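Below is one structure; the comments refer to it alone.
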Amino acid sequence: MSDILEVIKSRRTIKHFLPKFVSWDSIAHIIDAARHAPSCGNVQNWKFIVILDQNQKNQIAEAAYDQTDISLAGALIIVCAEPEKAERYYGLRGERLYSIQNSAAAIQNMLLEAQSLGLGSAWIGAFDEDVLRSSCGIPPEVRPQAIVAIGYPQEIPQMPPKYPLETLVYFHKWRNKIRDPAKYTNDIASILARKAHSVTEAMQKKGHSFSPQQDELHENL
Ligand SMILES: Cc1cc2nc3c(=O)[nH]c(=O)nc-3n(C[C@H](O)[C@H](O)[C@H](O)COP(=O)(O)O)c2cc1C
Numbered sequence: 026m027s028d029i030l031e032v033i034k035s036r037r038t039i040k041h042f043l044p045k046f047v048s049w050d051s052i053a054h055i056i057d058a059a060r061h062a063p064s065c066g067n068v069q070n071w072k073f074i075v076i077l078d079q080n081q082k083n084q085i086a087e088a089a090y091d092q093t094d095i096s097l098a099g100a101l102i103i104v105c106a107e108p109e110k111a112e113r114y115y116g117l118r119g120e121r122l123y124s125i126q127n128s129a130a131a132i133q134n135m136l137l138e139a140q141s142l143g144l145g146s147a148w149i150g151a152f153d154e155d156v157l158r159s160s161c162g163i164p165p166e167v168r169p170q171a172i173v174a175i176g177y178p179q180e181i182p183q184m185p186p187k188y189p190l191e192t193l194v195y196f197h198k199w200r201n202k203i204r205d206p207a208k209y210t211n212d213i214a215s216i217l218a219r220k221a222h223s224v225t226e227a228m229q230k231k232g233h234s235f236s237p238q239q240d241e242l243h244e245n246l
């Protein structure tokens, strides 16, 4: 797979893994993708704890409020933020907001790299922080952001519903929707198809049955 949009769209959250070994090479590629993520002022205030030991994977699955299926993942990677580093340069905003965003960018890179390597992944955010901290020896100044589960999927779930593009986009001002998104994306084919359809309908209402010519369509744009 090489088209990035294809990788993005085909990635799914995998909850059930095959009990299969994930190579260190793959794990290294996934963390390499993480470290290339953008971060505020390039502070790169993240660390990654790789968990391969089965007993510890079980503990962590328990810490994740008994999401026991993740214990079958080949690797669990705890993504940790070091908020103090961002706070040094950006104050409260760095500590509270940018640190989370930095880690989120790194996590998404990991999921996408896993997908491009043919592996499944899950972003696990629901966990008891204290239990996770004690299992991994995470100090108080470091904040665990997510457990990333990596492994071979038992099955690929269907894509869950995603909102259509036109419901998510405003132009220039909050809530300002455009009447014709195709015009903004230069999607001439859609505009022509719609016009052709409306002209044909109008003709049919008047009793004509022929298809409109391209020239007429252009005039109607
Ligand atoms: C911040 C965050 C926390 C999440 N926590 C969990 C979790 O604890 N358990 C889980 O099964 N999925 C978790 N997910 C995955 C979402 O449930 C999943 O991304 C969503 O249902 C959409 O499915 P998709 O990833 O296949 O597109 C989390 C995702 C994010 C971004």
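To convert a position in the sequence shown, counted from 1, into the working numbering, add 25. Glycine is no exception: its CB is placed at the ideal position from the N, C-alpha and C atoms. Note that this is a predicted model, so its numbers are computed, not measured.
Tell me, to the nearest whole angstrom, how far the beta carbon of residue i is from that of residue j; I am working on the premise that it is less than 8 angstroms.
| i | j | result |
| --- | --- | --- |
| His41 | Gln179 | 4 angstroms |
| Ala111 | Asn70 | 5 angstroms |
| Tyr90 | Phe152 | 7 angstroms |
| Gly143 | Gly176 | With 8 angstroms as the limit, Gly143 and Gly176 do not qualify as a contact, their Cβ atoms being about 11 angstroms apart. |
| Cys161 | Ile74 | 5 angstroms |
Within the same chain, show all residues whose beta-carbon is closer than 6 angstroms to that of residue i, passing over the 5 residues directly before and after it, in chain order.
| i | result |
| --- | --- |
| Leu246 | Because the pLDDT of Leu246 is 39, which lies under 50, any placement of that residue in the model is unreliable, and the number read from its coordinates should be weighed accordingly. Counting only Cβ-Cβ distances below 6 angstroms, and skipping sequence neighbours, we find nothing. |
| Leu8 | There is simply no residue 8 to check, as the chain begins at 26 and stops at 246 in what is shown. |
| Leu261 | What the structure shows of the chain is the stretch from 26 to 246, and residue 261 is not part of that stretch, so it cannot be assessed. |
| Gly150 | Ala171 |
| Leu30 | none |
| Thr93 | Ala86 |
| Ala59 | Ala131, Asn134, Met135 |
| Met26 | With a pLDDT of 48 at Met26, under the threshold of 50, the predicted position of this residue should be treated as unreliable, and no value is reported. |
| Glu226 | none |
Who are the near neighbours of residue i in its chain, counting only those whose CB is closer than 8 angstroms to its CB and skipping five residues on each side?
| i | result |
| --- | --- |
| Lys34 | Met184 |
| Asn201 | Tyr195 |
| Leu43 | Leu97, Gly176, Tyr177, Pro178, Gln179 |
So, is residue i buried or exposed, given that buried needs 16 or more other C-beta atoms within 10 angstroms?
| i | result |
| --- | --- |
| Ala139 | buried |
| Tyr123 | buried |
| Asp240 | Residue placement at Asp240 is flagged as unreliable, the pLDDT there being 44, under the threshold of 50; a coordinate-derived value is accordingly withheld. |
| Leu157 | buried |
| Gly119 | buried |
| Ala147 | buried |
| Ser64 | buried |
| Ala88 | buried |
| Asn127 | buried |
| Ile52 | buried |
| Glu244 | Because the pLDDT at Glu244 is just 44, under 50, the model does not fix this residue reliably, and the point stays unresolved. |
| Ile103 | buried |
| Ile213 | exposed |
| Ile203 | exposed |
Excluding sequence positions up to five away, which residues of its chain have a Cβ less than 7 angstroms from the Cβ of residue i?
| i | result |
| --- | --- |
| Ser96 | Lys82, Asn83, Ala86 |
| Phe46 | Gly99 |
| Ile181 | Arg37 |
| His61 | Asn134 |
Does ligand 3 have a heavy atom nearer than 6 angstroms to the CB of residue i?
| i | result |
| --- | --- |
| Ala139 | With respect to small molecules bound, the structure shown includes ligand 1 and not ligand 3. |
Any beta carbon of chain D sitting closer than 7 angstroms to that of residue i?
| i | result |
| --- | --- |
| Tyr195 | Of the protein chains in the structure, only one exists, and it is not chain D. |
If contact is defined by three or more beta carbon pairs under 8 angstroms, each pair taking one atom from either stretch, is the stretch 190-208 in contact with the stretch 132-150?
The stretch 132-150 vs the stretch 190-208: no contact.
Evaluate the contact criterion for the stretch 101-112 versus the stretch 158-170: three or more CB pairs, one atom per stretch, below 8 angstroms.
Look at the beta carbons and you see the stretch 101-112 touching the stretch 158-170: at least three pairs across the two are nearer than 8 angstroms.
Suppose only complete runs of 4+ residues qualify. What are the alpha helix (DSSP H) ranges in the stretch 137-178, listed by chain order?
Listed in chain order, the complete alpha helix (DSSP H) runs (minimum 4 residues) inside the stretch 137-178 are 154-161.
Jot down the residue ranges of each uninterrupted alpha helix (DSSP H) in the stretch 106-132, minimum 4 residues, whole runs only, in chain order.
DSSP runs (the alpha helix (DSSP H)) wholly in the stretch 106-132: 108-118.
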